[in-house]
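Note sheet for the following structure.
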RNA sequence: CGGGGCGUAGCGCAGCCUGGUAGCGCAUCUGGUUUGGGACCAGAGGGUCGGGUGUUCGAAUCACCCCGCCCCGACCA
């Protein structure tokens, strides 16, 4: 039989397997372990899971290293990966849990296209606003399209065409699908890919209360999902970013390698992304004084000015000039001020200005404002000036004099910068006071963002005209929420939390296989006992991989541990003769049981009763 | 986009400075000895040295350009 014919034959068996499992089991029991292609038995010797002994040189974080080493993924190009069978199995497990919980929450699954026409994005205004992350292209008819980074436009288009009555609302539709975002800097393997798999849900409502209820429903659903995935996580208040809307929470898996910084209160349950978090700071009490110009030759940075004048950095006013793109101040420069010992949070500033993007202005822009780099102050600047709330009543401050080698002292915001606007601009600092409970102080943690929920309101439903007839027979615009989970990112996030020096450690709910049978040696008895064990376990509904390779024991143990398979059943002549079969758990423990008790023991472990 | 680094066999690397047509470990294949924690011996296969141009009798090596990848920053569901 040539290879092609063998494949057809094997596929025939596979077909039978799906049609009648029992029959397939009979088919496989008749086959010996010398058969060339047997798709029904998960034999490691035939399984596509190429493991590596060394860490690949271009992997930095542990999840990326382990995913590559264990043969779960391979890189195709920057930020784009193949999922090999092992990786796909984990991905499917995660998807399964997400699907179960979304179904429980009352959401319905559908599938939207990845290729989207520019028209919809122009309607929502994001064709211009979304930036370079949106991969745009033209088809053969020169029609502009993009790869979907998210699906608000498409879902609104669909729903707008089918929604008639308030009686159809609320509804929550979701999909699990590939997204493409042309990230500036993809990194860390599955953690920040350009193409990635996301569960995105969109809910539509007749009113705000209904949206609030669904927001809470999804919030609770996310908590259940991440709990079932065995993760240590935290829900935090979040900026709404390019998705927009009025309210948002992010769900973060706590991990050192996380790209996000989370601020949380030591006392109450307040937690927020630093992009959004608020806190209280000590306001220095300074005496009001007259404005006075002082010579500060070559002294430019906050630290240098403070030490030159022998004052605290909190007495200084830090003024930063930004070039704004989009919004009311499009194309203009804007000055932003915080206390000298604070950091300006640029996302907050962009948000306060309703800008698409902000960028620190260059020296030229400074001089055209009549100022000079290193000596910028707000007084007399001919541009929009926005200050952090904490500066509202500040007096006696030191600021740049907008003149080389000069600063001013005695600056009073009310008196000297009366036109200033105020907004929350400062980044929360470690040990700041908690603005919510007023008792605790701010602490920091690193997180991997794996989910986010948004109350969008009518931001998309208005421009895309998602309309319905309300109770009174009047036309109304639907209210919307959206809810995302980074499914492929979760694969990495779980590994970041669950690993040791030998490799991954999958929780039972996510493991690519629950059990691996490790056959020691190649004696006929060990092979036959292993194959029978494989059959019996499969029949008992256990997901099992049989390591039938002609490898030495150490190699098999190392690979099983690297791949993090939870239960290892070791079958060798020694154990078989003594009727003491070793069962090891990847998480640590091991025991020996008689052959007759192996399956019951494994089932007890799987049921969590052992 | 700014800064730094890298690109030589499937993986990890040496060779480059000082030009002479490629090497090591692991992996793979064959044979043998092994077999409860990444074995050993013998043999073999596999590389247009990221690509192009130039300098040169001769380029992995020197010069220039391009491409790709990684890290830090900027940016970002």
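In this note's numbering, the protein residues as written are 7 to 616.
Positions of the beta carbon are idealized from the N, C-alpha and C atoms, including for glycine.
From a predicted model like this one, the values you see are computed outputs, not experimental measurements.
The distance from the Cβ of residue 158 to that of residue 489 is about 12 Å, inconsistent with a contact at the 8 Å cut-off.
Counted as a single uninterrupted DSSP element, the stretch harbouring residue 531 is not any beta strand (DSSP E) but the alpha helix (DSSP H) occupying residues 530 to 545. In this structure, the straight-line span from the alpha carbon of residue 160 to that of residue 447 is close to 43 Å. Beta-carbon to beta-carbon, residue 118 and residue 181 are separated by about 6 Å, close enough to satisfy the 8 Å threshold. Looking from the CA of residue 111, the closest CA among 420, 221 and 566 belongs to 221. Short of 6 Å from the beta carbon of residue 194, and not among the five residues preceding or following it, lie these beta carbons of its own chain, in chain order: 67 and 70. Across the structure, residue 333 and residue 359 are spaced so that their CA atoms are roughly 7 Å apart.
According to the DSSP assignment, residue 597 belongs to no alpha helix (DSSP H) but to the beta strand (DSSP E) extending over 596 to 599. With 16 or more other Cβ atoms inside 10 Å of its own Cβ, residue 211 counts as buried. About 16 Å separates the beta carbon of residue 206 from that of residue 470, a gap too long to meet the 8 Å contact definition. A straight line joining the alpha-carbon of residue 442 with that of residue 270 spans about 11 Å.
Residue 74 is positioned such that its CB atom lies closer than 8 Å to that of residue 62.
Considering only 186, 81, 366 and 484, the residue with the shortest C-alpha distance to residue 178 is 484. Shown here for residue 372: same chain residues with a beta carbon closer than 8 Å to its own, the five before and five after excluded, namely 327, 378, 379 and 382 in chain order. Per DSSP, residue 603 has no beta bridge partner at all. When the five nearest sequence neighbours on each side are left out, the beta carbons in the same chain lying within less than 6 Å of the beta carbon of residue 601 are those of 585 and 587, in order along the chain. The way I'd put it, the region 314 to 325 doesn't touch the region 429 to 442; fewer than three beta-carbon pairs between them come closer than 8 Å.
If you draw a 10 Å sphere on the C-beta of residue 614, you find fewer than 16 other C-beta atoms in it, and that means exposed.
Going by C-alpha positions, residue 390 is about 42 Å away from residue 226.
Under the DSSP assignment, residue 71 falls in the alpha helix (DSSP H) whose first and last residues are 68 to 75. Within the same chain, and ignoring the five residues on either side of residue 505 in sequence, the residues whose Cβ sits closer than 8 Å to its Cβ are 68, 69, 72, 511 and 570. Beyond the five residues adjoining it in sequence on each side, residue 123 comes within less than 6 Å, by CB distance, of 151 in the same chain, given in chain order. Bounds of the alpha helix (DSSP H) holding residue 223 are 214 to 234. Burial check for residue 339: the Cβ neighbour count within 10 Å reaches 16 or more, so the residue is buried.
For a cut-off of 8 Å, the C-beta gap from residue 258 to residue 268 is around 6 Å, short enough to register as a contact. By alpha-carbon distance to residue 345, the top candidate from 561, 403 and 388 is 403. Runs of the beta strand (DSSP E) spanning 3 or more residues and lying entirely within the region 362 to 394 occur at 363 to 366 and 390 to 394, in chain order. In the DSSP assignment, residue 171 forms a beta bridge with 475. The C-beta distance from residue 572 to residue 609 rounds to 13 Å, too long to fall under 8 Å, and the pair is not in contact.
For residue 311, the enclosing alpha helix (DSSP H) stretches over residues 308 to 315. Per DSSP, the beta bridge partners of residue 83 are 86.
Sorting 387, 425 and 414 by C-alpha distance to the C-alpha of residue 398 places 425 at the top. The Cβ atoms of residue 353 and residue 430 lie no closer than 8 Å to each other. The Cβ-Cβ distance between residue 87 and residue 79 falls below 8 Å. Contact annotation, residue 414 with residue 279: C-beta distance approximately 36 Å; criterion of less than 8 Å not satisfied.
Non-local beta-carbon contacts of residue 509 in its own chain, meaning distances under 7 Å to residues more than five positions away in sequence, involve 72, 76, 567, 568, 569 and 570 in chain order.
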